[in-house]
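A.B. asks: Got a structure for you, questions after.
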Amino acid sequence: MPRMGRVVLPSYPHHIVQRGHNRQVVFAEAGDFQRYLYDLRELKDVFGVKVYAYCLMTNHVHLLLAPGESTTGLGRLMKALAARMTRYRNKLEGCSGTLWEGRYKSSLVQSDCYLLACSRYIELNPVRAKMVSQPEDYAWSSYKLRFSEQACDNWLDTDPCFDALGHTLEDRRLKYRTFVSQDVSSEELTLIREALQRGQLTGNTCFVDEIEAVMGLRIERRGQGRPVRRI
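Offset between the sequence shown (1-based) and our numbering: plus 37.
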């Protein structure tokens, strides 16, 4: 059966996962994580892609990205990130070969209902994996960066849903922290995971209809969860 083509649209957020080849370790030490984040920070501007959230695990990465007017920037960013990290690790280890799976997974995200939910899902990865007890204890996710006291250190792009949480940065941070600390339903987890695994849409039925109208084609439907409750 032919694999489903990616649904990529300009200015929409996309939840992306890229795994190490055969689930091999990609980030073995602090320098590996730092190198990837350095490249991500540089290349997002080169290719005109916004970074709303990220989490680097030992053998895979989660990214929440939004391309600009040109959708090609997203694929070019992921290709450049993978190539740079591969060269870096091969040089360190004195070897050659593939570091990543050949094809990253991607899911278009409904902004008004699921953008913050995807950010939470991504930043809670280390907690679900029992690597840390609180998301702020993990050094390699956007959660820690999001709450940095040094404004110059925070290179995340502010997504419209986070920006709408309050009139001040302090208010927005407080509401987001509360949102992340809430229990996450199994329905929400399943929807996000299955959408990513199948390359489908992270959103409700109305969102599917909207994207079908934009693209002028039928997108395979699945069981849709209820919209995530607003903060």
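Where a beta carbon is used, it is the ideal one built from N, C-alpha and C, also for glycine.
Just curious, the beta strand (DSSP E) that Q55 is in, first and last residue?
C.D. replies: Locating residue 55 in the sequence shown gives position 18, counting from the first residue. For Q55, the enclosing beta strand (DSSP E) stretches over residues H51 to R56.
A.B. asks: Kindly indicate which residue of G236, P172, G253 and L77 has the alpha-carbon position closest to the one of H52.
C.D. replies: As a first step, residue 52 must be located in the sequence shown, where it is residue number 15. Of the listed residues, the one whose Cα sits closest to H52 is G236.
A.B. asks: Where Q55 and M115 are concerned, what is the direct C-alpha to C-alpha distance, given to the nearest angstrom?
C.D. replies: The sequence position of residue 55 within the sequence shown is 18, counting from 1. The sequence position of residue 115 within the sequence shown is 78, counting from 1. If I take the Cα positions, the gap works out to 9 Å.
A.B. asks: In the DSSP assignment, the alpha helix (DSSP H) including C92 goes from what residue to what residue?
C.D. replies: Residue mapping note: residue 92 aligns to position 55 of the sequence shown, counting from 1. No alpha helix (DSSP H) contains C92, which is instead part of the beta strand (DSSP E) from V86 to L93.
A.B. asks: Could you check which residue in E130, H58 and S133 has the C-alpha nearest to that of V98?
C.D. replies: Here residue 98 refers to the residue found at position 61 of the sequence shown. Out of E130, H58 and S133, H58 has the C-alpha closest to the C-alpha of V98.
A.B. asks: From which residue to which residue does the alpha helix (DSSP H) around A67 run?
C.D. replies: Here residue 67 refers to the residue found at position 30 when the sequence shown is read from its first residue. First-last of the alpha helix (DSSP H) with A67: A67 to V83.
A.B. asks: Buried or exposed for T205, going by 16 or more other Cβ atoms inside 10 Å?
C.D. replies: As a working mapping, residue 205 is identified with position 168 in the sequence shown. Under this definition T205 is an exposed residue.
A.B. asks: Given this structure, state the Cα-to-Cα distance separating F184 from D190, to the nearest angstrom.
C.D. replies: Along the sequence shown, one-based indexing puts residue 184 at 147. Along the sequence shown, one-based indexing puts residue 190 at 153. Answer to the nearest angstrom: the Cα atoms are 10 Å apart.
A.B. asks: Looking at E225: is its Cβ nearer than 7 Å to the Cβ of A154?
C.D. replies: In the sequence shown, counting from the first residue as 1, residue 225 sits at position 188. In the sequence shown, counting from the first residue as 1, residue 154 sits at position 117. Closer than 7 Å, so yes.
A.B. asks: With DSSP as the reference, label S144 as helix, strand or coil.
C.D. replies: Here residue 144 refers to the residue found at position 107 when the sequence shown is read from its first residue. It is a strand residue.
A.B. asks: Classify K167: buried if its beta carbon has 16 or more other beta carbons within 10 angstroms, exposed otherwise.
C.D. replies: Indexing the sequence shown from 1 puts residue 167 at position 130. With fewer than 16 Cβ atoms within 10 Å of its Cβ, K167 is classed as exposed.
A.B. asks: Are at least three pairs of beta-carbons, each pair with one atom in the segment 99-112 and one in the segment 74-88, less than 8 Å apart?
C.D. replies: yes
A.B. asks: Using the beta-carbon count (16 or more within 10 Å), is M252 buried or exposed?
C.D. replies: For the purposes of this step, residue 252 is taken as residue 215 along the sequence shown, with counting starting at 1. Within a 10 Å sphere around the beta-carbon of M252 sit fewer than 16 other beta-carbons, which makes this residue exposed.
A.B. asks: Around the C-beta of P197, are 16 or more other C-beta atoms found within 10 angstroms, so that it is buried, or is it exposed?
C.D. replies: Translated into the one-based positions of the sequence shown, residue 197 becomes position 160. The residue is exposed, with fewer than 16 neighbouring Cβ atoms inside 10 Å.
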